[in-house]
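**Q**
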Amino acid sequence: MNAVGEPRTLADRPDDVRRTAETLAAGMDRAVLAFPLTPFDADGDLALDALRAYLDHQLAAEPGAVFAACGTGEFFSLAPADYEAVVRATVEHVAGRAPVVAGAGYGTRLAAEYARTAERAGADAVLLLPPYLVRGPQDGLVAHTAAVAAATRLPVIAYQRDQVAFTPEGLRALAAVPNVIGLKDGHGDLDRMQRLVRAVPEDFLFFNGVPTAELQARAYAATGIPAYSSAVHAFAPEIATAFFRAHSAGDTAAVDRLLDGFYIPWVRLRDQGTGYAVSLVKAAARMRAEAIGADVGPVRSPLAEPAPAHLAEAKRLLAAGLDLAARLAPAAPAAH
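My numbering numbers the first residue of the sequence shown as 109 and each following residue consecutively.
See the structure below:
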């Protein structure tokens, strides 16, 4: 067993943590990571029936894991009872078809409560979102993450973005915590990522979590981080899956077609509005209510709906992206 403070390999972790980490690693290798939206009704109340129907559409694309009640799922807008209901309904409906990772966040004690709730609701792991507002020193960030991990038996994946950025020394300290198994990166600082990857055992999990991660997928893969999350999967798993297949196969021509025909224009549109990383995604999912089998409803404040002109452009880009994905899809086997 490792000495205190020494980074742990999976072999040095508790059996249940190791098994979950291995399952997550296998999912990251074979498919994109899904971050579902949280459906609300017209009054802004939780719509669990719509969530279940929506999850069916997400699961049909066989994602590597389902991250419930995270950023795209409006964790920041969920009351504690909403949060538990979303995680529990997701776990029950996914029913083992993919690992379910639940978001947790805010200050240390509140984040620990969310982690315990996620465990009680049956989640397989926790994604620890950055603390609210404050910019803590490195030892404070490490202590925060370790304290939340100590509150649950579930594996914990740390998430660095905005005011949270781990140093190699900080991440080495976290890799010594028995149930801290990975890091989601939202900064896109590839120099930092090179150093972080080399600071911990090779089976520590990393994935690219920058907004519209597909734009940097090739660059991250070059640092040894091929896995990534996809906001596009939340409204068009067909496009996200087409990109993942092309990227995994090294099909540069197909990747470039999807980048030029959909992803780059989509990011250009996303950057035209505040909060569009969620509200534009949810609007695009509403445009596909018939195909998805559910109306995911509006965003909750403080987010607001995109401008009409931006919605029109999103509809055009969505159609173009779906057309590209259909043309890039593997041909069905011939009937005999």
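Don't be surprised by glycine CBs; every beta carbon is placed ideally from N, CA and C.
Can you tell me which of the three DSSP states Phe-352 falls into?
**A** Helix at Phe-352.
**Q** Nearest to Leu-377 by CA position, among Glu-200, Pro-263, Asp-293 and Pro-319, is which residue?
**A** If we check each option's Cα against that of Leu-377, Pro-319 comes out closest.
**Q** In the DSSP assignment, the beta strand (DSSP E) including Gln-268 goes from what residue to what residue?
**A** 264 to 268
**Q** Find out if the Cβ-Cβ distance for the pair Asp-293, Gln-268 is shorter than 8 Å.
**A** yes
**Q** Distance check for Ala-325 and Ser-356, CA to CA, integer angstroms please.
**A** 10 Å
**Q** Helix, strand or coil for Leu-445, going by three-state DSSP, please let me know.
**A** This structure cannot settle anything about residue 445, because the visible part of the chain is limited to 109 through 444.
**Q** Is the Cβ-Cβ distance between Phe-370 and Ala-428 less than 8 Å?
**A** It is a contact, given that the beta carbons lie within the stated cut-off.
**Q** Using a 10 Å radius around the Cβ and a threshold of 16 neighbouring Cβ atoms, would you call Ser-387 buried or exposed?
**A** By the neighbour-count rule (16 or more Cβ atoms within 10 Å), Ser-387 is buried.
**Q** Count the other CB atoms, across all protein chains shown, that sit within 10 Å of the CB of Leu-313; report buried if there are 16 or more and exposed otherwise.
**A** buried
**Q** Using three-state DSSP, classify Tyr-240 as helix, strand or coil.
**A** coil
**Q** Under three-state DSSP, which class holds Ala-210?
**A** strand
**Q** Tell me which residues share the same chain as Ala-362 and place their Cβ nearer than 6 Å to its Cβ, disregarding the 5 neighbours each side in the sequence.
**A** Ala-354 and Leu-436
**Q** Could you give the distance in angstroms between the alpha-carbon of Asp-153 and the alpha-carbon of Glu-421?
**A** 28 Å
**Q** Roughly how far, in whole angstroms, is the beta-carbon of Ala-173 from the beta-carbon of Ala-206, given that I think they are within contact range, below 8 Å?
**A** Contact holds; Cβ gap of about 6 Å.
**Q** What residues match up with Asn-316 in a beta bridge as DSSP calls it?
**A** Answer is Asp-293 and Tyr-336, bridged to Asn-316.
**Q** So what's Tyr-184 in DSSP terms, helix, strand or just coil?
**A** Rather than Tyr, the amino acid found at residue 184 in this sequence is Phe. Residue state, collapsed to three classes: helix.
**Q** Alpha carbon to alpha carbon, what distance is there between Ser-185 and Ala-219?
**A** 15 Å
**Q** Give me the Cα-Cα distance between Pro-309 and Gly-401, rounded to the nearest whole angstrom.
**A** 43 Å
**Q** What did DSSP end up calling Leu-411 once you bin it into helix, strand or coil?
**A** coil
**Q** Nearest CA to the CA of Pro-147: which residue from Glu-130, Ala-284, Val-407 and Trp-374?
**A** Val-407
**Q** From the DSSP output, in three-state form, read off Val-234 for me.
**A** strand
**Q** With DSSP as the reference, label Leu-145 as helix, strand or coil.
**A** coil
**Q** Distance check for Thr-360 and Arg-228, CA to CA, integer angstroms please.
**A** 44 Å
**Q** For the beta strand (DSSP E) that contains Ala-393, what are its first and last residues?
**A** Element bounds for Ala-393: not the beta strand (DSSP E) but the alpha helix (DSSP H), 384 to 395.
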